[in-house]
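In my numbering, the protein residues as written are 338 to 496.
The C-beta atom is built at its ideal place from N, Cα and C for all residues, glycine as well.
The next block holds one structure in the form of structure tokens; read it before the comments.
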């Protein structure tokens, strides 16, 4: 190898360092995603509280519907329909709670995967830097070996 080989190896090291910087940025972005996921969990909890309030309101609606049954003959039909709607409201609220929980879990799993990918990128970049440094060391070893035989065959930056 000659000066060109050294420059190529140094360029490889620079690119590997850029890769490490990019991987660190991915980790930073993943942390932001985790923060957003935590905020999503907080919002989901607020949604759960609202859903619970909806369930309480639905139960009150059922109680009012039952009172309507005792008040009037025509009220029986209306109260039954109100009860069905209240039960549907309860089921919808429960479904909303389940969906909020799954969304919150997914919001944590995805950035965790991004962090794993970033760590893999950092390890790969460090390995590339190690290989580039080994190439430079081998180049210098080769040049010193050739210097002992003939100075014409080797261009060394040390000379």
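Euclidean distance between Cα positions of residue i and residue j
| i | j | result |
| --- | --- | --- |
| residue 453 | residue 352 | 21 angstroms |
| residue 394 | residue 388 | 10 angstroms |
| residue 341 | residue 464 | 22 angstroms |
| residue 349 | residue 373 | 36 angstroms |
| residue 379 | residue 391 | 18 angstroms |
| residue 404 | residue 396 | 12 angstroms |
| residue 366 | residue 417 | 52 angstroms |
| residue 477 | residue 471 | 10 angstroms |
| residue 428 | residue 357 | 49 angstroms |
| residue 457 | residue 368 | 16 angstroms |
| residue 383 | residue 424 | 21 angstroms |
| residue 288 | residue 375 | With the chain represented from 338 up to 496, any question about residue 288 goes unanswered, as that position is not in the structure. |
| residue 414 | residue 422 | 12 angstroms |
| residue 381 | residue 451 | 23 angstroms |
Own chain residues within Cβ distance below 6 angstroms of residue i, not counting five before or after
| i | result |
| --- | --- |
| residue 370 | 448 |
| residue 455 | 360, 363, 364 |
Neighbour-count burial assignment, residue i, 16 or more Cβ in a 10 Å radius
| i | result |
| --- | --- |
| residue 399 | buried |
| residue 431 | exposed |
Beta-carbon proximity of residue i to residue j, cut-off 8 angstroms
| i | j | result |
| --- | --- | --- |
| residue 469 | residue 346 | yes |
| residue 459 | residue 360 | yes |
| residue 343 | residue 466 | no |
| residue 385 | residue 434 | yes |
| residue 402 | residue 419 | yes |
Own chain partners of residue i with C-beta closer than 8 angstroms, once the 5 adjacent residues on each side are dropped
| i | result |
| --- | --- |
| residue 436 | none |
| residue 354 | 462, 466 |
* Continuous alpha helix (DSSP H) assignments of at least 4 residues falling wholly in the region 386 to 468 -> Entirely contained in the region 386 to 468, not one alpha helix (DSSP H) run reaches 4 residues.
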